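Engineer: One structure follows; several queries about it will come next.
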Amino acid sequence: MTAVRHVALAAILALAAGNTALAQSAPASPPPAAAPAPALGLDTPIEVLVAMPAAKAALDADIPGLTTHQMYEKFKHENLRTLAPKFGGAITDKDLAKVQADLAALPQARTGG
0 MTAVRHVALA
10 AILALAAGNT
20 ALAQSAPASP
30 PPAAAPAPAL
40 GLDTPIEVLV
50 AMPAAKAALD
60 ADIPGLTTHQ
70 MYEKFKHENL
80 RTLAPKFGGA
90 ITDKDLAKVQ
100 ADLAALPQAR
110 TGG
């Protein structure tokens with residue numbers, strides 16, 4: 000009986016090793032596709048735009064003083080669409096349109112959805 004047990008145990012181990020080998024040799028599934036970066040625009044938080052040199056340059060050109068404003072730390076988490084009305088007309092619809100156009104022209108903005 001001992002020999003039969005050894006043979007049975009050897010058969011089980013061989014099957015287990017075979018299954019492991021098959022599992023290891025199966026092609027790996029491709030990694031999930033990275034989500035596209037969101038498009039840059041008036042709804043993007045200002046601090047996100049400022050973190051990108053080209054977007055910050057657009058903000059500085061289109062709305063001078065915004066990124067150096069004394070209250071920047073208080074409003075940097077907001078986006079331009081919600082911030083503009085709080086500036087009492089200092090940020091005009093024309094300014095916003097220019098920023099939107101400049102951000103859309105950036106290479107990073109084109110990869111977004």
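Counted from 1, the sequence shown has number 82 at position 83 by numbering that gives the first Met the number 0; the numbering is strictly sequential.
Backbone N, C-alpha and C define an ideal beta-carbon position, used for all residues, glycine too.
None of the values given here were measured: they were computed from a predicted structure.
Alpha carbon to alpha carbon, how far is P84 from L48? Give it in angstroms, no decimals.
Structural biologist: Translated into the one-based positions of the sequence shown, residue 48 becomes position 49. Translated into the one-based positions of the sequence shown, residue 84 becomes position 85. Cα to Cα, the separation comes out at about 19 Å.
Engineer: Buried or exposed: which applies to A104, given that a residue is buried once 16 or more other Cβ atoms fall within 10 Å of its Cβ?
Structural biologist: For this step, residue 104 is matched to residue 105 along the sequence shown. The residue in question, A104, is exposed, as its Cβ has fewer than 16 Cβ neighbours within 10 Å.
Engineer: Of the choices T43, D61, A56, whose alpha-carbon is the least far from that of A96?
Structural biologist: Start at 1 with the first residue of the sequence shown, and residue 96 comes out as number 97. The candidate whose alpha carbon is nearest that of A96 is D61.
Engineer: Let me know the secondary structure DSSP gives P63 once reduced to three states.
Structural biologist: Working through the sequence shown from its first residue, we reach residue 63 at position 64. Three-state result, P63: coil.
Engineer: Measure the alpha-carbon distance for P44 versus P106 and round it to whole angstroms.
Structural biologist: Working through the sequence shown from its first residue, we reach residue 44 at position 45. Working through the sequence shown from its first residue, we reach residue 106 at position 107. Taking the straight line joining both Cα atoms gives about 18 Å.
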